[in-house]
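In the working numbering, the protein residues as written are 307 to 404. Idealized CB from N, CA, C, for every residue including glycine. Below is one structure, written out as structure tokens, with a few remarks after it.
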């Protein structure tokens, strides 16, 4: 990652491979923008899944909304599982019955 860009840490709330995007919960950016950070599936590293702690740089899209770029798995502090469970969105998951 470039040194002149601030790195943020957040929790990957959800990602829909079918839709090609997801959202990251980052308290700092939630306070600043009043919303979660949008992330395209193509920006996510291999193995990233809902509940994973990630690091990313911030891009403001043409609508003035936060978007994650250069996303990597966070090697910092362990994820608070209670917080992960509270934030995790599983509404997009549907189990197929065979």
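Query: For residue 323, which residues of its own chain have a beta-carbon under 8 angstroms away from its beta-carbon, when the five flanking residues on both sides are left out?; Result: 347
Query: What are the boundary residues of the beta strand (DSSP E) that residue 372 is part of?; Result: 372–379
Query: Taking residue 371 as the reference, give the member of 315, 331, 343, 329 with the closest Cα.; Result: 343
Query: Might you give, ordered along the chain, the residues of its own chain that have their beta carbon closer than 8 angstroms to the beta carbon of residue 375, omitting 5 neighbours on each side?; Result: 349, 362, 363, 364, 365
Query: May I have the straight-line CA-CA distance separating residue 326 from residue 345, to the nearest angstrom?; Result: 9 angstroms
Query: Please name the residue, chosen from 321, 360, 316, 359, that lies closest to residue 337 on a Cα-to-Cα basis.; Result: 316
Query: Under the three-state reduction of DSSP, which class applies to residue 322: helix, strand or coil?; Result: strand
Query: What three-state label does DSSP hand residue 368 in the structure shown?; Result: coil
Query: May I ask you to list the residues that DSSP assigns as paired with residue 331?; Result: 317
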